[in-house]
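So the sequences go chain by chain: C and F. Going by the working numbering, the letters in the first sequence line up with residues 831 to 1166, in that order. Going by the working numbering, the letters in the second sequence line up with residues 426 to 1622, in that order. C-beta atoms are modelled at their ideal positions from N, C-alpha and C, and glycine is treated no differently.
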Amino acid sequence: MVDLRTTWLDQVLASPVVLGASPLSHDVEQIVAAVEAGAGAVVMYSLFEEQVISEQMAAHHFIDARVDTNAEASGFLPDVDVFSLGAEPYLKQLQLLRDKVNVPVIASLNGTTPGGWTDYARACEARGADAIELNLYDVITSLDESGKDVESRQLAVVQAVAHSVNIPVTVKLSPFYTSVPAMVRRIENAGARGVTIFNRFYQPDVDLETLGVDRRLTLSTSRELPMRLHALAVLSPHTKLDLACTGGVHTGQDAAKALLCGADVIQLTSVLLERGPAYVRTIIDELRAWLAQTGYVSSDEARGVLSMGTAPDAHVWERLNYIRLLDGWRSRPGAR
Amino acid sequence: MIAAPKDPVRSAKYKTLDANEAVASVAYRLSEVIAIYPITPASAMGEHADAWSADLKPNLWGRVPEVAEMQSEGGAAGAVHGALMTGSLTTTFTASQGLLLMLPNLYKIAGELTPFVLHVAARTLATHALSIFGDHSDVMSARMTGMALLCSGNAQEAQDLAAISHAVTLRARIPVMHFFDGFRTSHEITKVATLNDDTLRVLLDEGALAAFRARGLDPDHPSIRGTAQNPDAWFQGREACEPFYAAFPALLDETFARFAELTARTYQCFEYVGAPDADRVIIMMGSGAECAHETVEHLTAQGEKVGVLKVRLFRPWSPRHLLAVLPTSVNRIAVLDRTKEPGSAGEPLLLEVTQALSDAVADGTRFAMPRAVGGRYGLSSKEFTPAMVKSIFSELAKNKPKSRFTVGIRDDVSGSSLPWDADDDIEPDDVQRAIFFGLGSDGTVSANKATIKIIGEKTPKYAQGHFEYDSRKSGSTTISYLRFGPRPIRSTYRVSRAQFIAVHDPEFLERRDVFAAAMPGATILVNTVVPAEKFFDSLPLEVQRQLVEKHCHVHVIDGYGVAERAGLGRRINTVMQACYFALAQVLPFADAMDHIKASVVATYGRRGAEVVKRNIVALDTAIAQLKEITIPSVISTTRLRAPVVQGKVPEFVERVTRVLLEGNGDLLPVSAFPPDGTWPTGTSRFEKRAIAQEIPTWNEDLCVQCNFCSMICPHAAIQTKVYAPDALAGAPEGFKSIAQDIYPTLEGMRYTVQIAPEDCTGCGLCIEVCPAKDRKQPSRKALMATPLDLYREKERAAFAFYETIPSASLTGIEIEKRSAALRLPLFEFSGACAGCGETPYIRLLTQLYGDRLVMANATGCSSIYGGNLPTSPYTTNAEGRGPAWANSLFEDNAEFGFGMRLSLDAQAARARSLVAVMSHRLPDELAEGLLMPAGHDDAYIALQRARVHALHQVLARDPSAEAKVLRELAHHLVPRSLWIVGGDGWAYDIGFGGLDHVLASHKNVNVLVLDTEVYSNTGGQASKATPLGAAAKFATSGKATRKKDLGLLAMSYGHVYVAQVAMQSKSQQTVEVLLEAERHPGPSLVIAHSPCIAHGYDLIKSPQQQKRAVDSGMWPLYHYDPSRVDRGESPLVLDSPEPRLDVAKYMENEARFRMVELRSSERYAMLLDAARDGVKQRRALYEQMAKIHLPPEHQNG
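Okay, structure coming up:
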């Protein structure tokens, strides 16, 4: 039997296959099913500070501000001591998940203000989160903000959060940095304990009928995996950070690839939204079968063997464009 | 047994409360069952009870009372009766019409000697008009039920007498109706020493409680009640209760005494205040007695021999108690009643008092009969002031005082009224008085409530806050009157001289006399964007003059700017509150700021930190922006305030409506008013409220003439018209039009989209639904939001011109969603909420049938925006025709409309028979034409009107008796379109029985249910139309049962045309349904999805949200047309496709569902699943029904 035990963010997991941040974690039953199917940890859906704020302000505007406006109606919805619109619903769900599953639960945060990040991180820690995943995502539209400015701001956030909690902090990155390795090093220096490679986003689209802009979130496919594999392979020999792969893992074979490139854990999201939480077992079974079939006794043994440090043809990771170009010009055997 | 506290005064805890909350707190803790139904101004008591039970707050016995909302007050009374019958302590709350609906059960409950307390926020009964305000006409209509009647005059008393009522009823077995004045007491916030649980516990007699429980129906000890008795038994049985009534006053005395031991607050059945040797005394009850008390103290200090006798116990009437406190020196008495009993010898209290005196004189217990006169005051919350009290004493001092009088009005018809000096004021200078003019939406009242709380609870001062609202639901104005002083405040009337006046919206300066009450040297605070240095010059002459002459200290702040920069939109409540404390100096400013911040945390913190954060920022930045203005010694302008009603207006509008709109209705004499409550229509157009920040402007180059804008506008403030090009002659500069290009038969005509800038509420729906985009600049649409100030003058002129343009004839053009919107709306500029989802249906109804429309309108939002003075939104066309509208009650609207139908049909039948009788004297084609089967389209109506006109010409020359009758009835030969309109509270709940009965008839009535899925007018209480999963008041944790399928119930009759529509997302189906419903010869029921602010989202999104309701199957569209059976078709047609959107996608966008999820995600998930199941099952049922083919019915005759 192949040993899948993995250490990630100070926690020993039964399996490197974990649940990535997704709407699945809104539903405790689904999470319980995924854990029963072998998921080694659960990353909760993201707490978006901006959303919390906009919901608070909307409630203020459409519920609280309609109080005392009319002689006949004291307000138009029940007096609402009964619910709060801060982080509380998220924290309650976190606590519930902690109570229901016996694997680590990682809270995921997306903040917009310096105070917001640290406040929410501390609150998550207090309510039992085993780690924090910072979901760093900025949509830059300003012509005046340079890449350096953005990175500095993000690093300040990482540092502030990492120093405000005693649990490990991992950072979920977008692929859009000029130098991902340099950014990862700075994240490491800022006090983070891991990175998650890579975030996926809502994509804007154009509605030709209404001349409008739309946005949608499409599920990933295995085709998105190679970009992640590359980053893992490049990073894993050079960083002490725990590496999580997310985006594009749909089979046990995909998971094996990520492992070979250096991922400590593999986060599943789209595949479970498509096939249900119990599909974790299929992926683990496939991964285990491949490892066994290939002769590995543990996942640790396979981890990183195809990284840039140890791969037999490591230069391939470095010269993607160049190699392709040469291949295109290379004469095929038999050709004149 | 718990002993009384050693020093009850010191140990008292004070809170600032209104009577509704104070009373509810006592009633809740002393009850096990609470059956409720919302009605103004008592709704808040039920809402508090519901909220506390949702929070699992226990009663005195550690249990959470069962709180149940019923379908009507009649239902609540029935539930109360049952709960009492089986031994549970039970209470309820009501007012006005609700109390009338309870009467039958009150007789029963009292007849059975059942301990029970009913708390009433006393309110005017509807007579010539409805009024939500306060007087005693409701409780006086219940005085014969056998209930004891106890009256409170202020919130402290209301709380205390509530407790005393619950205690005494148990011992005496007489049920108690405890009442206090609606709004003046129910809503006025004052400092109240609260009652703790221990006090309540000690007050209750445990033995009496055990006896009450023991009397509960119990099969272990069976008995029967509610028997029917015969002449041999009934009378004696009825008299058997008499000892209980005789014993009541003494038991009440004992309870008062016990209460005084516990709290040091003393009460008596009658309480006399004034000179012990008074010669003149006023006898009265309720809040007015507080004003009289204050005035009497003022007068006796000046040596006058006057007094006031406050009546607390009105039933059982105790002459012994009355006479015990009435000084024997009294020789003149004025008995004041806050009710009117037309045609009576006198109002109820007067009769009781005079009878008591006459009996006393007759039996020798009193030496002489004082002269007793009776007066009416304060009806419908009319002001009752010290000056009026003085005028009553002056009248009593006359040789021959009026035996019956009114005070507070000028009665130039019957001469009943006493004059009073409106400038007289007795308020001492150590009471700080402030007036705040605010908008309903800006948070002024909430801020003032917070201020009262701070001063009332953090300082030794006594505090009072009274709030007035107008009856508009959009752009409403509020006036707050605050008093703070060293003594309990008995001034139960408006502040007429204030040391502080705040104007929270600068528009008030242009529309009303806001500084009339400013005392010399008053501090003035104005929220304005005008820079401080330009402010004085920007004011109209009248305002400048007042500020100069009164030497006011004026301060300005751009409150909107501060609030907007802090991310609070236009909520300026905390900003202005900080300014008030900075200027008024009622307590050290730093302390005040700490208290305000604490109150912000307490009020908003429960929702999350952001609102708190932004308010704190606003508070911290406000004071720096506050600037004092130096008022020059001379005025600097000749500009007068623009008249509220401008231009040439009808005589009635000039004489009456204008005065009401100016806020001076109190000055109008009796003669100004129609004696039967009949008012002219077409008057909302004179208001020109200009409440929008932004209005739409039309980019005609992009317009596709879809008319979506005019079809969705809730206020008919954007209109569309097609007209002949020559009508453009004389158009003002900038008036826009384009070539009509939709209808071939109207080729060559012009088309205009016109905004009524001063009638628009700025809801933005027209812009939201406008589909026409500039291809080169997609953010530019055919309608764009622009600041009102920039376009007001231009668009005002354009709209005035637009109204003069005659519409092209639309005869022959099929009525569909586009052409319907070209027809003239005869419902315009109502006071409904911005974005209202109800009013577009009514507007459309008037566009289709307005010139022949008769409407019966149930009480509710639609009767308020449809019929609340000062103006009417129903209007007339160029021929003077338009909707004829009436509201009867809440519960009876279907029957009311049904009666109208019977009447109209009878008159039409009589007219037709007379035409038949006279046919030989009429031109051949005329009689034949007149008697042809009625059509429904415009062409038929026009032709029939022409025939009626021709008939009148013939009749004018005919001296016969039948011609005379026919002249009076001939107009009935043109069909009347009868629509019965109301909300879901009426149709699903309180009026359902009547609606069901009317639908079961074969009469040609049309019913339009404006379904907001909640009681909107009274503030969002659940109805049986509330969907599963939604939170509403009385369903705080989310309604667990499905929405009643009213349409399905109506379909079960088979002959009723039934449809469900959603106009904002599928207006074509709505138009078709309204046409079919009108054509259907029997009853029709149209259930209309009506987005409402009570759903908790921005109504600008209501078209999308309504589409989600339809697409998710939560609001299926269909029509059930019985005539299809005869054509061999299934009567039910589904007009919306198979649900294609998950119910969650619909629910997650409305706060009423979202708050259920936030409270408990498990419950939400459970309710969501149940809602999904409901959608599936309903769809499956409808789909099967839509396939059913029924055999046609045999035609009778």
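Inter-residue spacing [alpha-carbon to alpha-carbon] between residue 1397 of chain F and residue 1349 of chain F:
Numbered from 1 along the second sequence, position 972 holds the residue referred to as residue 1397 of chain F. Numbered from 1 along the second sequence, position 924 holds the residue referred to as residue 1349 of chain F. One C-alpha to the other measures close to 20 Å.
Per DSSP, what kind of secondary structure is residue 809 of chain F in: helix, strand or coil?
The residue labelled residue 809 of chain F in the question sits at position 384 within the second sequence. It is coil, neither helix nor strand.
Distance cutoff 9 Å, beta carbons only. Does residue 813 of chain C sit that close to anything in chain F?
With chain C running from 831 to 1166 in the structure shown, residue 813 of chain C is simply not present.
Step through the CB atoms of chain F and report whether any lies within less than 9 Å of the CB of residue 861 of chain C.
Numbered from 1 along the first sequence, position 31 holds the residue referred to as residue 861 of chain C. No, its Cβ sits nowhere closer than 9 Å to a Cβ of chain F.
Assuming residue 1203 of chain F is part of the beta strand (DSSP E), what are its boundary residues?
Reading the second sequence from its first residue, position 778 is the one you call residue 1203 of chain F. 1202 to 1206 is the extent of the beta strand (DSSP E) around residue 1203 of chain F.
Run through chain F and tell me which residues come within less than 9 Å of residue 852 of chain C, C-beta to C-beta.
Walking along the first sequence from the start, residue 852 of chain C turns up at place 22. What residue 852 of chain C touches in chain F: nothing, since even the nearest Cβ is about 16 Å away.
Find out if the Cβ-Cβ distance for the pair residue 817 of chain F, residue 843 of chain F is shorter than 9 Å.
For the purposes of this step, residue 817 of chain F is taken as the residue at position 392 of the second sequence. For the purposes of this step, residue 843 of chain F is taken as the residue at position 418 of the second sequence. Yes, the Cβ-Cβ distance between residue 817 of chain F and residue 843 of chain F is below 9 Å.
Counting contacts by CB-CB distance shorter than 9 Å, is residue 922 of chain C in contact with chain F?
Numbered from 1 along the first sequence, position 92 holds the residue referred to as residue 922 of chain C. Yes, because at least one Cβ of chain F sits closer than 9 Å to the Cβ of residue 922 of chain C.
Beta strand (DSSP E) containing residue 695 of chain F: first to last residue?
Position 270 of the second sequence holds residue 695 of chain F. Element bounds for residue 695 of chain F: 695 to 699.
Collapsed DSSP secondary structure at residue 1109 of chain C in the structure displayed:
Here the question's residue 1109 of chain C lines up with position 279 in the first sequence. Three-state result, residue 1109 of chain C: helix.
Buried/exposed call for residue 1256 of chain F, threshold 16 Cβ in 10 Å
For the purposes of this step, residue 1256 of chain F is taken as the residue at position 831 of the second sequence. Residue 1256 of chain F comes out buried.
Cβ separation of residue 544 of chain F and residue 458 of chain F, assumed to be a contact under 8 Å, to the nearest whole Å:
Within the second sequence, numbered from 1, the residue matching residue 544 of chain F stands at position 119. Within the second sequence, numbered from 1, the residue matching residue 458 of chain F stands at position 33. Not really, about 15 Å apart at Cβ, beyond 8 Å.
Coarse secondary structure for residue 1177 of chain F, derived from DSSP in three states:
Position 752 of the second sequence, counting from 1, holds the residue named residue 1177 of chain F. Of the three classes helix, strand and coil, the one that applies to residue 1177 of chain F here is strand, per DSSP.
Proximity to residue 1073 of chain C [Cα-Cα], best of C/894, C/947, C/1092, C/1020
Here residue 1073 of chain C refers to the residue found at position 243 when the first sequence is read from its first residue. Among C/894, C/947, C/1092, C/1020, the Cα nearest to that of residue 1073 of chain C belongs to C/1092.
Which class does residue 1363 of chain F belong to by DSSP, given the choice of helix, strand or coil?
For the purposes of this step, residue 1363 of chain F is taken as the residue at position 938 of the second sequence. Helix.
Looking at residue 998 of chain C: is its Cβ nearer than 9 Å to the Cβ of residue 840 of chain C?
Looking up residue 998 of chain C in the first sequence gives position 168. Looking up residue 840 of chain C in the first sequence gives position 10. Against a cut-off of 9 Å, the Cβ pair of residue 840 of chain C and residue 998 of chain C comes out as a contact.
Using a Cβ-Cβ distance cut-off of 9 Å, determine whether residue 1106 of chain C contacts chain F.
Within the first sequence, numbered from 1, the residue matching residue 1106 of chain C stands at position 276. No, residue 1106 of chain C does not count as interfacial toward chain F.
According to DSSP, is residue 1540 of chain F helix, strand or coil?
Mapped onto the second sequence, residue 1540 of chain F falls at position 1115. Coil at residue 1540 of chain F, not helix or strand.
Per DSSP, cross-strand counterpart(s) of residue 1123 of chain F:
Numbered from 1 along the second sequence, position 698 holds the residue referred to as residue 1123 of chain F. According to DSSP, residue 1123 of chain F bridges with F/1208.
In three-state terms, what does DSSP make of residue 1431 of chain F?
Counting from 1 along the second sequence, the entry for residue 1431 of chain F is found at position 1006. Strand, per DSSP.
Taking buried to mean at least 16 other C-beta atoms within 10 Å of its own C-beta, is residue 855 of chain C buried or exposed?
Here the question's residue 855 of chain C lines up with position 25 in the first sequence. By the 10 Å Cβ count, residue 855 of chain C comes out buried.
Let's test the definition: count the other Cβ atoms within 10 Å of the Cβ of residue 1425 of chain F and tell me whether it reaches 16, buried, or not, exposed.
Working through the second sequence from its first residue, we reach residue 1425 of chain F at position 1000. Burial call: exposed.
Would you call residue 1136 of chain F buried or exposed, if buried means 16 or more other Cβ atoms sit within 10 Å of its Cβ?
Along the second sequence, read from residue 1 onward, the residue named residue 1136 of chain F stands at position 711. With 16 or more other Cβ atoms within 10 Å, it is buried.
Within 9 Å, strictly: CB atoms of residue 1555 of chain F and residue 1611 of chain F
One-based indexing of the second sequence puts residue 1555 of chain F at position 1130. One-based indexing of the second sequence puts residue 1611 of chain F at position 1186. Yes, Cβ-Cβ distance for residue 1555 of chain F and residue 1611 of chain F is below 9 Å.
Is there a C-beta anywhere in chain C that falls below 9 Å from the one on residue 452 of chain F?
Here residue 452 of chain F refers to the residue found at position 27 of the second sequence. For residue 452 of chain F, the answer is no, since every Cβ of chain C falls outside 9 Å of its Cβ.
So, residue 1430 of chain F versus residue 1323 of chain F, is the Cβ gap smaller than 9 Å?
Start at 1 with the first residue of the second sequence, and residue 1430 of chain F comes out as number 1005. Start at 1 with the first residue of the second sequence, and residue 1323 of chain F comes out as number 898. Yes, they are a contact pair.
For residue 899 of chain C, which residues in chain F fall below 7 Å Cβ to Cβ?
As a first step, residue 899 of chain C must be located in the first sequence, where it is residue number 69. Under the 7 Å cutoff, chain F gives 865, 866, 901.
What did DSSP end up calling residue 876 of chain C once you bin it into helix, strand or coil?
Residue mapping note: residue 876 of chain C aligns to position 46 of the first sequence, counting from 1. DSSP places residue 876 of chain C in strand when its eight states are reduced to three.
Could you give the residue range of the alpha helix (DSSP H) that holds residue 1033 of chain C?
To locate residue 1033 of chain C, count along the first sequence from 1; it is residue 203. Residue 1033 of chain C -> not in any alpha helix (DSSP H); beta strand (DSSP E) instead, spanning 1033 to 1037.
When the distance is taken between beta carbons, is residue 938 of chain C closer than 9 Å to residue 873 of chain C?
Taking the first residue of the first sequence as 1, we reach residue 873 of chain C at position 43. Taking the first residue of the first sequence as 1, we reach residue 938 of chain C at position 108. Yes, they are a contact pair.
Given residue 1617 of chain F, which residues of its chain have a CB within under 6 Å of its CB, disregarding the five upstream and five downstream residues?
Here residue 1617 of chain F is taken as the residue at index 1192 of the second sequence, counted from 1. Within the same chain, residue 1617 of chain F has close Cβ partners 1550, 1551.
I need the boundaries of the alpha helix (DSSP H) containing residue 1040 of chain F, first residue and last residue.
Sequence index remark: in the second sequence, residue 1040 of chain F carries index 615 (1-based). Counting along the chain, the alpha helix (DSSP H) containing residue 1040 of chain F begins and ends at 1034 to 1050.
Counting only beta-carbon atoms, is residue 868 of chain C nearer than 9 Å to chain F?
The residue labelled residue 868 of chain C in the question sits at position 38 within the first sequence. Chain F, which has no Cβ nearer than 9 Å to the Cβ of residue 868 of chain C, makes this no.
Report the CB separation of residue 1632 of chain F from residue 700 of chain F in whole angstroms; it is logged as a contact under 8 Å.
There is simply no residue 1632 of chain F to check, as chain F begins at 426 and stops at 1622 in what is shown.
Using CA atoms only, rank isn't needed, just tell me which of F/1501, F/1371, F/1410 is closest to residue 1286 of chain F.
Here residue 1286 of chain F refers to the residue found at position 861 of the second sequence. Out of F/1501, F/1371, F/1410, F/1410 has the C-alpha closest to the C-alpha of residue 1286 of chain F.
Report the neighbours of residue 886 of chain C on chain F: residues whose CB is nearer than 7 Å to its CB, in chain order.
As a working mapping, residue 886 of chain C is identified with position 56 in the first sequence. Residues of chain F passing the Cβ test: 1032, 1033, 1035, 1036.
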